[in-house]
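Student:
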Amino acid sequence: PEMQASPRPLQQPHPPIWVGGNSARARRRVAELGDGWHATSMPFEALRAGIMHLRQLWDRQGRPGEPVLSLRIACSIEGVSQEVLHFPPRPGRGMRDSLSGSPSAIVERLGAYQEIGVRHVVLETSTQSHTSSAATLEAFMQRIKPQLRA
Numbered sequence: 032p033e034m035q036a037s038p039r040p041l042q043q044p045h046p047p048i049w050v051g052g053n054s055a056r057a058r059r060r061v062a063e064l065g066d067g068w069h070a071t072s073m074p075f076e077a078l079r080a081g082i083m084h085l086r087q088l089w090d091r092q093g094r095p096g097e098p099v100l101s102l103r104i105a106c107s108i109e110g111v112s113q114e115v116l117h118f119p120p121r122p123g124r125g126m127r128d129s130l131s132g133s134p135s136a137i138v139e140r141l142g143a144y145q146e147i148g149v150r151h152v153v154l155e156t157s158t159q160s161h162t163s164s165a166a167t168l169e170a171f172m173q174r175i176k177p178q179l180r181a
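Quick note: the sequence shown, position 144, residue 175 per the working numbering, numbers continuous.
1) So residue 105 packs on residue 158, CB below 8 Å; how close in whole Å?
2) Quickly, what does DSSP pair residue 111 with across the bridge? List them, please.
3) Tell me whether residue 135 is buried or exposed, calling it buried when 16 or more other Cβ atoms sit within 10 Å of its Cβ.
4) So which of 131, 66 and 82 has the shortest CA-CA distance to residue 43?
5) When the Cα of residue 53 is compared with those of 82, 47 and 33, which residue comes out closest?
6) Which class does residue 101 belong to by DSSP, given the choice of helix, strand or coil?
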């Protein structure tokens, strides 16, 4: 169906489309229709395998360049994050991964994600109280971000 957007987007022909989801079906949508993949809290090896799968699909579609890779992941910093709630895994949903530990451990983990192609990370702090979430994000910006490679 025809539709109009107003005001018109600055990016042409359209804003980048990032497809969320951890399934093979989501990766197929990225390769066919999207510009990037936004995965959520996947265990590292599953994410690596998903990225390899997406790149194969991307090439098969004859898409130029590479898809943008983004990850949403829970973050808790040792000695900073308090009141982190733990939720049991949901049946059929698999395990979730998180960035947790000392600032140096988190820097190391983020480096590993960067090595497999992840360029954007969304930090999830919704399992913490507002005070803890604010402290976590502030500590991340002061103690972790300055150590990251651009």
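C-beta: ideal position from N, C-alpha, C; glycine also.
Tutor: The answer reads as follows:
1) Reading the sequence shown from its first residue, position 74 is the one you call residue 105. Reading the sequence shown from its first residue, position 127 is the one you call residue 158. Right, the Cβ-Cβ distance comes to about 6 Å (below 8 Å), so this counts as a contact.
2) Looking up residue 111 in the sequence shown gives position 80. According to DSSP, residue 111 bridges with nothing at all.
3) Your numbering for residue 135 matches position 104 in the sequence shown. Classification of residue 135: exposed, given that the 10 Å Cβ count is below 16.
4) Taking the first residue of the sequence shown as 1, we reach residue 43 at position 12. Selected option, being the one with the closest Cα: 66.
5) As a working note, residue 53 is residue 22 in the sequence shown. Comparing Cα-Cα distances from residue 53 to each of 82, 47 and 33, the minimum goes to 82.
6) Numbered from 1 along the sequence shown, position 70 holds the residue referred to as residue 101. Three-state DSSP puts residue 101 in a strand.
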